[in-house]
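Here the numbering used here = 1-based position in the sequence shown + 63.
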Amino acid sequence: MINDILNEADGKMAKSVDATREEFATIRAGRAHPSMFSKIMVDYYGTPTPIQQLASFTAPEARIILVQPFDMGAMSNVEKAIRDSDLGINPANDGKLLRCVFPELTEERRKEFIKLAKEKAEGGRVSVRQVRQKAKQNLEKLEKDGEAGKDDVTGAEKRLDGMTKKHTDAIDELLKNKEAELLEV
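In structure tokens, the structure reads:
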């Protein structure tokens, strides 16, 4: 029973780290990449649809992404969704595809992105700590119900703390790498 609780907590903490990694991918560093569009939803015939399901993306240059909708009827909705997103770009429509040109990052914008990355990292760490708290409550409930001894629960809590540290350290490492990527000119 204790191992089930710890394994479940470890899996959820790993998912929190993965979610943080995905959040970092949406923050633009020097080079534009298609994953920056992953959070954009397009109104496709009245249904909010992820943009990746409606278009293909290519990056011919470091600061340009070409977006080609599969359904040309959705071109204006895709264009509007990109324009209204928090990417801060205005796509150029040539009738067949959308050309998204990203401006060069200024020092001020890089600092804003670092601040955003720190917020996302803290969100990931909070998520890991919430999983830890829930698992700790489950362990204490086992002890209270007499299903596990005090020594077993104490040992499990130490293992849980080790898991928590491992996952928060992973998030800190992701943040460090993202900061280095953002500061690179």
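Idealized CB from N, CA, C, for every residue including glycine.
Short of 7 Å in beta carbon distance, which residues of its chain neighbour residue i, apart from the five on each side in sequence? Order them along the chain.
i	result
R84	L237
E206	K213 and V216
E185	none
P113	M104
R328	With the chain represented from 64 up to 248, any question about residue 328 goes unanswered, as that position is not in the structure.
Can you tell me which of the options puts its alpha carbon nearest to the alpha carbon of residue i?
i	options	result
L246	L168, L117, A155 and M64	L168
D73	N240, K102 and A219	A219
D157	E142, S101, V105 and I234	E142
K228	I90, K239 and M76	M76
S98	T110, Q200, K78 and S119	S119
Q115	A122, Y108, G109 and K102	K102
S139	P111, D106, I65 and V164	D106
S148	P111, G109, G209 and F100	F100
I165	I177, L223 and I128	The residue you asked about is not Ile; residue 165 is Phe in the sequence shown. The shortest Cα separation from F165 among I177, L223 and I128 belongs to I128.
Kindly list the residues whose CB is nearer than 6 Å to the CB of residue i, restricted to its own chain and excluding five residues on each side of it in sequence; keep chain order.
i	result
A155	R162
Indicate whether residue i and residue j have their beta-carbon atoms separated by less than 8 Å.
i	j	result
L160	V191	no
L117	D134	yes
A125	A88	no
A144	K241	no
A243	I68	no
I90	L202	no
To which residues does DSSP link residue i through a beta bridge?
i	result
L161	V130 and N156
T121	L129
P113	M104
Which same chain residues end up closer than 8 Å to residue i when comparing Cβ atoms and leaving out the 5 residues on each side of it in sequence?
i	result
D80	One point to set straight first is that residue 80 is Val, not Asp, in the sequence displayed. Correct list, in chain order: G187, V191, H230, A233, I234 and L237.
G136	none
A82	G187 and S190
Worksheet entry | Complete beta strand (DSSP E) runs within the segment 147–230 (minimum length 3 residues, chain order) | The beta strand (DSSP E) runs lying completely inside the segment 147–230 and spanning 3 residues or more are 161–164, given in chain order.
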